[in-house]
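So my numbering is basically just the index in the sequence shown, starting at one, shifted up by 215.
Even for Gly, the Cβ is constructed at its ideal location relative to N, Cα and C.
The block underneath contains the structure these notes are about, expressed in structure tokens.
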Amino acid sequence: NARIAGTVTLVQHGYAGQKTMLTVRDGDKAITQRDITLAPDGRLQSEPLFFPAGSAGAKTLTFGVEPLPGEESLANNAITRPFLVSDAKRRILYVEGEPRWEYKFIRRAEDNDPTIEIVSMLRTSENKIYRQGIGNPAELAQGFPVRAEDLFGYAGIIIGSVAADYFTPLQQGLLREYVDRRGGGILFLGGRSSLSDGGWGASSLNALLPTFLPSGNHNFHRNPAAVELTAAGVDSPVTRLLDDPQKNAERWRKLAYLADYQDPGSPKPGATALVDLHAGHRTLPLLVTESYGSGRTAILATGGTWRWQMSEALGDPAHDLFWQQLLRWLVAESPGAVSASIPARLLMDEGGMQVTAQVRDRTFQPVTEAHVSVHILGPEGVEALVGLRPSETVPGQYQG
216 NARIAGTVTL
226 VQHGYAGQKT
236 MLTVRDGDKA
246 ITQRDITLAP
256 DGRLQSEPLF
266 FPAGSAGAKT
276 LTFGVEPLPG
286 EESLANNAIT
296 RPFLVSDAKR
306 RILYVEGEPR
316 WEYKFIRRAE
326 DNDPTIEIVS
336 MLRTSENKIY
346 RQGIGNPAEL
356 AQGFPVRAED
366 LFGYAGIIIG
376 SVAADYFTPL
386 QQGLLREYVD
396 RRGGGILFLG
406 GRSSLSDGGW
416 GASSLNALLP
426 TFLPSGNHNF
436 HRNPAAVELT
446 AAGVDSPVTR
456 LLDDPQKNAE
466 RWRKLAYLAD
476 YQDPGSPKPG
486 ATALVDLHAG
496 HRTLPLLVTE
506 SYGSGRTAIL
516 ATGGTWRWQM
526 SEALGDPAHD
536 LFWQQLLRWL
546 VAESPGAVSA
556 SIPARLLMDE
566 GGMQVTAQVR
576 DRTFQPVTEA
586 HVSVHILGPE
596 GVEALVGLRP
606 SETVPGQYQG
């Protein structure tokens, strides 16, 4: 049920204001379609698309608009692009400070997600934790990791209703390094021990947060709150419950009210509020995201989205879809220990290209004496195995 978010850019002459059908095809099969209205002549037009990723593996998709009467040539109505859909699961560590409904429903939402695996530690008493989703008996047996090689193995982290001082100075330092150097993503949830109520504003991790936290420790409220997309949220794949932007915005306005909310403060410069909440006469940001260092962070200032599951019609996908898309966003840019890149996302018929690889160890420090080769898959079954040489200037980088 994973979806791909993309943008199709087009320009036309002679058909301004007319409607046509924008279609994405996998071979002969149309996987998504929607009507668009063509922009004025000569104006560049961008149309967002959301479509099912389909089965794992390499595939070639065709993006096109249906012909209109009188077109002289149909050759430029469509374009093909290669895609690789991975079947690898990304592991997320979820740390929760108290039993609550939100914990249960987040885990349940991800049970049906083929791309995400949640490993959780739930604090049930002062000195006891309940572990779920562990890969082996030793994982998290001693609590939250104290070594980089253990923490950095997760692609993302969720921090629930947990006070900042639950983490030792060593662990707080690892969390900073996790985002800044490893390039991971951390999502902070609202709760009675979260954010300003949990002392995060006075902690060394305050810089990671995408908002300026308010003062005091009475900013968590067990009162209902309605939600509404911001302008940025209308265009975000994180908050896309329905493909049509207007219908999506309306769907958000009609969601069941949140069970609680927390004042997260104001977004920092560079941060983006995707969803607002309305509680009485107050409007506050609910979901705020930010790029930080090599990674990303976010605040979801509530522990009450579970009502989107319990209070909506049986089978309504809104709650699960939101959480799946939010957590996919959280880990989407988290690199593996080995990553590769090319100069541009789209390569034309060029005589050659440079491939660059970054090789790191389990602590994400550069590996300088590796033997690196890349396996290239081209069209029509063409393959090549190319060896890379170490960079003379950047440790851990290999090129060829």
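What are the boundary residues of the alpha helix (DSSP H) that includes F537? Along the sequence shown, read from residue 1 onward, the residue named residue 537 stands at position 322. From DSSP, the alpha helix (DSSP H) with F537 extends over 533-547.
Return helix, strand or coil for T578, following the three-state DSSP convention. As a working mapping, residue 578 is identified with position 363 in the sequence shown. Looking at T578 - three-state DSSP - the assignment turns out to be coil, as it is neither helix nor strand.
CB contact flag (A254, T277, <8 Å): For the purposes of this step, residue 254 is identified with residue 39 of the sequence shown, where counting begins at 1. For the purposes of this step, residue 277 is identified with residue 62 of the sequence shown, where counting begins at 1. Not in contact: A254 and T277 (Cβ atoms no closer than 8 Å).
Alpha-carbon spacing of R249 relative to A440, whole angstroms: Locating residue 249 in the sequence shown gives position 34, counting from the first residue. Locating residue 440 in the sequence shown gives position 225, counting from the first residue. Taking the Cα positions, R249 is about 33 Å away from A440.
In its own chain, which residues sit with a C-beta less than 8 Å from the C-beta of N463, not counting the 5 before and 5 after it? Taking the sequence shown and counting its residues from 1, one reaches residue 463 at position 248. For N463, the CB contacts under 8 Å within the same chain, skipping 5 residues up- and downstream, are L444, V449, T454, R455, L456, L457 in chain order.
Bridge partners for A555 per DSSP, in chain order? Taking the first residue of the sequence shown as 1, we reach residue 555 at position 340. A572, per the DSSP bridge assignment.
Evaluate L504 with the Cβ neighbour count: other Cβ atoms within 10 Å of its Cβ, from every protein chain shown; 16 or more gives buried, anything less gives exposed. Here residue 504 corresponds to residue number 289 of the sequence shown, with the count starting at 1. Contrary to the premise, residue 504 reads as Thr rather than Leu in this sequence. It is buried - the Cβ of T504 has at least 16 other Cβ atoms within 10 Å.
Just to confirm the assignment, what range does the alpha helix (DSSP H) spanning V449 have? Counting from one through the sequence shown, the residue named residue 449 turns up at place 234. From DSSP, the alpha helix (DSSP H) with V449 extends over 446-449.
So which of D478, H493, I349, E548 has the shortest CA-CA distance to I514? Here the question's residue 514 lines up with position 299 in the sequence shown. The shortest CA-to-CA distance from I514 to any of D478, H493, I349, E548 is the one to D478.
Inspect the beta-carbon positions of V223 and L264 and report whether they are closer than 8 Å. Within the sequence shown, the letter at position 8 stands for residue 223. Within the sequence shown, the letter at position 49 stands for residue 264. Yes; because the gap between Cβ atoms is below 8 Å, this pair is in contact.
Quick test of your reading: D395 and Y309, contact by CB under 8 Å. State the CB separation rounded to the nearest angstrom. For this step, residue 395 is matched to residue 180 along the sequence shown. For this step, residue 309 is matched to residue 94 along the sequence shown. Actually they are not in contact, since the Cβ atoms of D395 and Y309 sit about 21 Å apart, beyond 8 Å.
Using C-beta distances below 7 Å, list every residue in its chain close to T218, excluding the 5 sequence neighbours before and after it, in chain order. For the purposes of this step, residue 218 is taken as residue 3 along the sequence shown, with counting starting at 1. For clarity, residue 218 is Arg in the given sequence; the question names Thr instead. Excluding sequence neighbours, R218 sits near F265, F266, P267, A268.
To which residues of the same chain is E354 closer than 8 Å at the C-beta, ignoring the five residues directly before and after it? Here the question's residue 354 lines up with position 139 in the sequence shown. Correct list, in chain order: V334, R346.
State the Cα-Cα distance for the pair A528 and A378, rounded to the nearest angstrom. If you number the sequence shown from 1, residue 528 lands on position 313. If you number the sequence shown from 1, residue 378 lands on position 163. Between A528 and A378, the C-alpha separation is close to 35 Å.
Within the continuous beta strand (DSSP E) that includes D241, where are the two ends? As a position in the sequence shown, residue 241 is number 26, starting the count at 1. For D241, the enclosing beta strand (DSSP E) covers residues 234-241.
Got a sec, what are the start and stop residues for the beta strand (DSSP E) K244 sits in? Along the sequence shown, read from residue 1 onward, the residue named residue 244 stands at position 29. Counting along the chain, K244 sits inside the beta strand (DSSP E) bounded by residues 244-252.
Going straight from the alpha carbon of L592 to that of G413, what length do you get? For this step, residue 592 is matched to residue 377 along the sequence shown. For this step, residue 413 is matched to residue 198 along the sequence shown. Their Cα atoms are separated by approximately 50 Å.
Do V601 and G371 count as a contact pair if the criterion is CB distance below 8 Å? Counting from one through the sequence shown, the residue named residue 371 turns up at place 156. Counting from one through the sequence shown, the residue named residue 601 turns up at place 386. Going by C-beta atoms, G371 is not nearer than 8 Å to V601.
From R241 to I401, what distance separates their C-alpha atoms? Walking along the sequence shown from the start, residue 241 turns up at place 26. Walking along the sequence shown from the start, residue 401 turns up at place 186. In the sequence as presented, Arg is not what sits at residue 241; that position holds Asp. For D241 and I401, the distance between alpha carbons rounds to 34 Å.
Over what stretch of residues does the alpha helix (DSSP H) that includes Y321 continue unbroken? The sequence position of residue 321 within the sequence shown is 106, counting from 1. Note on residue identity: the sequence assigns Ile, not Tyr, to residue 321. That run of the alpha helix (DSSP H) goes 316-326.
So within the segment 441-504, which uninterrupted beta strand (DSSP E) runs reach at least 3 residues, ignoring any that extend past its ends? Whole beta strand (DSSP E) segments, 3+ residues: 441-444, 487-494.
So, with DSSP's three-state summary, where would you put V377? Within the sequence shown, residue 377 is the residue found at index 162, counting from 1. Three-state DSSP puts V377 in coil, outside helix and strand.
Can you give the Cα-Cα distance for S554 and F403, rounded to whole angstroms? Here residue 554 is taken as the residue at index 339 of the sequence shown, counted from 1. Here residue 403 is taken as the residue at index 188 of the sequence shown, counted from 1. Distance between the alpha carbons of S554 and F403: 27 Å.
On the criterion of 16 or more Cβ atoms from any shown chain inside 10 Å, does P360 qualify as buried, or is it exposed? Here residue 360 corresponds to residue number 145 of the sequence shown, with the count starting at 1. By the beta-carbon neighbour count (other beta carbons within 10 angstroms, threshold 16), P360 is buried.
Does the segment 296-313 come close enough to the segment 335-345 to have 3 or more Cβ pairs within less than 8 Å? Segment contact: the segment 296-313 against the segment 335-345, three or more CB-CB distances shorter than 8 Å; contact assigned.
Any beta carbon of chain D sitting closer than 8 Å to that of N327? Although the question refers to chain D, the structure presented lacks it and comprises just one protein chain.
Under DSSP, the alpha helix (DSSP H) around Q524 begins and ends at which residues? Counted from its first residue, the sequence shown places residue 524 at position 309. From DSSP, the alpha helix (DSSP H) with Q524 extends over 522-525.
Using only CA atoms, which one of D302, A273, I374 lies nearest to T512? For the purposes of this step, residue 512 is identified with residue 297 of the sequence shown, where counting begins at 1. Selected option, being the one with the closest Cα: I374.
Taking Cβ to Cβ, would you say P452 is nearer than 8 Å to Q540? Your numbering for residue 452 matches position 237 in the sequence shown. Your numbering for residue 540 matches position 325 in the sequence shown. Yes; because the gap between Cβ atoms is below 8 Å, this pair is in contact.
According to DSSP, simplified to helix, strand and coil, what is S288? Taking the first residue of the sequence shown as position 1, residue 288 is located at position 73. The three-state reading of DSSP puts S288 in coil, since its state is none of H, G, I, E or B.
Beta-carbon spacing of I321, W538 below 8 Å: Start at 1 with the first residue of the sequence shown, and residue 321 comes out as number 106. Start at 1 with the first residue of the sequence shown, and residue 538 comes out as number 323. In this structure, I321 sits near W538, with a CB-CB distance shorter than 8 Å.
So, for T583: in the same chain, excluding its five sequence neighbours on each side, which residues have a beta-carbon less than 8 Å away from its beta-carbon? Here residue 583 refers to the residue found at position 368 when the sequence shown is read from its first residue. Excluding residues up to 5 positions away in sequence, P605, P610, G611 lie with their Cβ nearer than 8 Å to the Cβ of T583 in the same chain.
For I331, does the count of other Cβ atoms within 10 angstroms reach 16, so buried, or fall short, so exposed? In the sequence shown, the residue the question calls residue 331 occupies position 116. That one is buried.
Among P384, F367, P500, which residue has its Cα nearest to the Cα of F427? Here residue 427 refers to the residue found at position 212 of the sequence shown. Of the candidates P384, F367, P500, the one whose C-alpha sits nearest the C-alpha of F427 is P500.
Between the alpha carbons of E341 and G312, how many angstroms are there, rounded? Position 126 of the sequence shown, counted from the start, is the residue given in the question as residue 341. Position 97 of the sequence shown, counted from the start, is the residue given in the question as residue 312. Going from the Cα of E341 to the Cα of G312 covers about 10 Å.
What is the DSSP secondary structure of A268, counted as helix, strand or coil? Working through the sequence shown from its first residue, we reach residue 268 at position 53. In the structure shown, A268 adopts coil according to DSSP, grouped into three states.
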